[in-house]
Amino acid sequence: MPGEVKRELVDVWFVEPFRKFINRSTTSGIILFASALLAIIIANSPLDRWYDEFWHIHFKVGFDNYVIDKDLHHWINDGLMAIFFFVVGLELKREIISGELSNPRNAILPLSAALGGMLFPALIYFVLNPSGEASNGWGIPMATDIAFALGILYLIGSKVPLSLKVFLTALAIADDIGAVLVIAFFYTSNINFESLMVGGAFLAVLVGANLIGVRNTLFYAIIGIGGLWTAFLMSGIHATIAAVIAAATIPASAKVPENVFTRRMNNLLNQFKYLDRTNSPTLTHDQLEVLSDIVAVSQRALPPLQKLEHTLHPIVAFLVMPIFAFANAGVTIEGDLLFLLTEPVTLGVILGLLVGKIVGVSGVCFLLIKLKIAPLPAGMNSLHLIGASCLAAIGFTMSLFISGLAFTNPIYDMEAKIGILTASIIASGLGYWIIRKANARIPEKPDLIPSIDDYEYEKHVSQMAVDKKS
């Protein structure tokens with residue numbers, strides 16, 4: 006009894022609060038912002054030299070003539086961020102197969118908005134930086150940081166329409182597709198075709214394994230990382246592209262279909278129900294056998310794609326992205342900040358994100374709605390669209406990543422990062438304020454249930470529909 010009380014106290018005071026904090030939608034955004042802020046503080050403190058030298062520590066991997074020699078900063082951007090892009094690839098495949106991007110009618114508005122939100126920022130940046138190395142940064146303001154954008158949305162509260170969350174998620178995912186293609190075609194160095202062919206062979210193995218029904222995630226990890234990613238890294242094509250391609254080969258179907266799973270689980274639960282029980286905390290041998298079968302069947306009913314996405318998402322949110330932000334957001338501001346804000350690269354990034362994204366996303370949406378090509382999502386109003394376009398202007402993670410690829414001149418990189426951080430902060434505040442104003446125009450939800458949580462609300466509405474049907 007005392008042991009049970011202790012366990013309950015631990016759950017109530019430590020486990021449950023921690024679990025709720027981790028599962029909260031805003032938590033990853035808060036940690037990401039804190040990592041970036043800490044990097045900026047250190048980079049402009051007496052520790053700036055230590056901060057800079059730390060990321061230039063070199064690591065070698067390989068043997069004989071096949072050696073990858075990079076500093077810690079590159080290992081993070083080329084290696085650790087490959088996990089981020091792998092999860093992006095998993096999300097893209099899931100959305101295309103069965104999500105918002107699977108229905109052309111639902112997908113046309115966010116896809117078109119994403120396209121407008123990529124072209125307008127790039128055009129504005131290019132007008133301000135038409136030549137020289139500075140012009141390479143045109144891809145920086147094209148990106149949208151989905152973690153930050155959705156984090157701000159969830160900060161606003163439960164009154165945000167579910168359709169707005171879906172629209173912004175689909176827009177950001179389509180934007181990620183564009184960013185990946187931009188990196189692949191425009192930010193790739195000289196190509197080593199021998200390594201590329203080796204990568205192609207590993208890709209063929211992954212595709213073949215999918216086709217013949219291999220569902221072991223460890224197999225895909227070994228071939229994807231040890232083969233495909235390494236070959237792409239040595240080929241000159243950015244290794245993060247290999248992560249997205251590898252994600253596309255992960256099976257989206259389970260070994261055990263839903264109907265078979267339901268039948269087997271019912272049989273196993275019935276077996277467990279009628280087994281002899283003990284009066285002790287331990288289980289009998291027969292009970293253990295049945296429980297092991299339940300675990301095994303449950304594992305086989307999980308599609309590898311969703312299993313990997315579910316497993317890796319917290320690793321990306323709470324480890325990969327904060328480390329990346331800490332390694333890349335540390336801008337040492339040299340000179341007059343007001344002067345730096347008026348430099349063409351800084352101005353191109355700020356105006357590209359704030360003006361280009363907002364005009365591109367909302368402008369395309371209003372045009373399609375006016376022409377009746379696509380409807381305004383149910384529950385949203387025109388202010389919601391403008392607010393969503395502001396949140397789409399939060400470039401942060403992907404913009405910082407592209408900035409590192411675009412420039413060799415550290416001055417341009419510093420100016421770009423100042424522009425990214427400035428625009429992202431302004432876009433966050435503006436989007437938050439506009440969506441709160443938009444929410445004020447929404448009639449109160451009928452008080453159908455005590456909770457106003459979206460999930461509970463949808464569940465209640467679904468149950469009403471079932472009751473009505475029966």
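Following the numbering used here from start to finish, the sequence shown increments by one per residue and tops out at 475. Note that beta-carbon positions come from the ideal geometry of N, C-alpha and C, so glycine has one too. Note that the coordinates shown come from a computational prediction; the quantities given were computed from them, not determined experimentally.
Straight-line Cα distance separating residue j from residue i
i      : j      : result
TYR279 : LYS312 : 32 Å
ILE363 : LYS260 : 44 Å
ILE242 : LEU133 : 28 Å
LEU273 : ASN284 : 22 Å
TYR225 : LEU346 : 46 Å
GLY357 : THR193 : 23 Å
ALA432 : LEU160 : 14 Å
ASP341 : GLU348 : 11 Å
PRO262 : PRO126 : 45 Å
ILE3   : LEU211 : Here the chain covers residues 6 to 475 and nothing more, so residue 3 does not appear.
ILE27  : LEU158 : Reliability of the predicted coordinates at ILE27 is poor, the pLDDT of 48 falling under 50, and the value obtained from them is presented with this limitation in mind. Their backbone Cα atoms lie some 17 Å apart in a straight line.
SER394 : GLY436 : 8 Å
ALA184 : MET419 : 21 Å
LYS65  : GLY384 : 54 Å
CYS370 : LEU223 : 42 Å
GLY122 : ILE217 : 40 Å
TYR130 : THR316 : 38 Å
LEU169 : ALA175 : 10 Å
THR149 : ARG268 : 44 Å
PHE190 : GLY204 : 17 Å
ASP76  : ALA87  : 16 Å
ASP452 : TRP234 : Legend: pLDDT at ASP452 = 40, less than 50; position of this residue unreliable, value from coordinates given subsequently. Between ASP452 and TRP234, the C-alpha separation is close to 52 Å.
VAL325 : THR402 : 11 Å
LEU483 : LEU426 : With the chain represented from 6 up to 475, any question about residue 483 goes unanswered, as that position is not in the structure.
ARG446 : PHE406 : 38 Å
ILE81  : HIS290 : 47 Å
ALA119 : LEU42  : 28 Å
Where the alpha helix (DSSP H) through residue i begins and ends
i      : result
ALA214 : 198–217
ALA306 : No alpha helix (DSSP H) contains ALA306, which DSSP labels as neither H nor E.
TRP55  : 53–59
PHE344 : 342–346
TRP4   : Nothing about residue 4 can be read from this structure; the chain reaches only from 6 to 475.
GLU100 : 86–103
LEU372 : 363–375
LEU43  : 32–48
THR222 : 222–226
MET385 : Run containing MET385: none; DSSP gives neither H nor E here.
PHE401 : 401–411
GLY335 : Neither: GLY335 is in no alpha helix (DSSP H) and is coded neither H nor E.
VAL350 : 349–356
Cβ shell of residue i (< 8 Å), same chain only, five flanking positions each side left out
i      : result
TYR56  : ALA44, ILE47, ALA48 and GLY335
SER107 : GLU100 and ILE101
GLU138 : PHE412, THR413, ASN414 and TYR417
LEU373 : ILE113, LEU114, SER117 and ALA379
THR337 : ALA48, ASN49, ASP53, ASP57 and MET419
HIS318 : VAL92
HIS61  : ASP76, LEU77 and HIS78
Buried versus exposed call for residue i [16 or more other C-beta atoms within 10 Å across all chains shown]
i      : result
ARG110 : exposed
LEU310 : buried
SER297 : exposed
ILE430 : exposed
ASP181 : buried
PRO286 : exposed
LYS422 : buried
VAL295 : buried
GLY434 : exposed
MET202 : exposed
GLU314 : buried
TRP143 : buried
SER408 : buried
GLY229 : buried
SER258 : exposed
LEU396 : buried
ARG282 : exposed
GLY231 : exposed
ASN166 : The amino acid at residue 166 is misidentified as Asn; the sequence shows Pro. Buried: at least 16 other Cβ atoms inside 10 Å.
Close Cβ partners of residue i (< 7 Å) along its chain, the five nearest in sequence each way excluded
i      : result
ALA443 : ASN386, LEU388, HIS389 and GLY392
SER40  : PRO327, ALA330 and PHE331
ALA252 : PHE91, GLY94, LEU95 and LYS98
ALA398 : LEU358, LEU359, LYS362, ILE363, ALA428 and ALA432
6 Å Cβ shell around residue i - same chain, five flanking residues per side excluded
i      : result
GLY424 : THR351, VAL354 and ILE355
Any chain D beta carbon closer than 9 Å to residue i
i      : result
MET239 : Of the protein chains in the structure, only one exists, and it is not chain D.
Going along the chain, which unbroken runs of the alpha helix (DSSP H) with 4 or more residues stay wholly within the stretch 116–194?
151–161 and 167–191
Residue ranges of each alpha helix (DSSP H) run of no fewer than 4 residues wholly in the stretch 239–314, ordered along the chain?
244–253, 263–278 and 290–305
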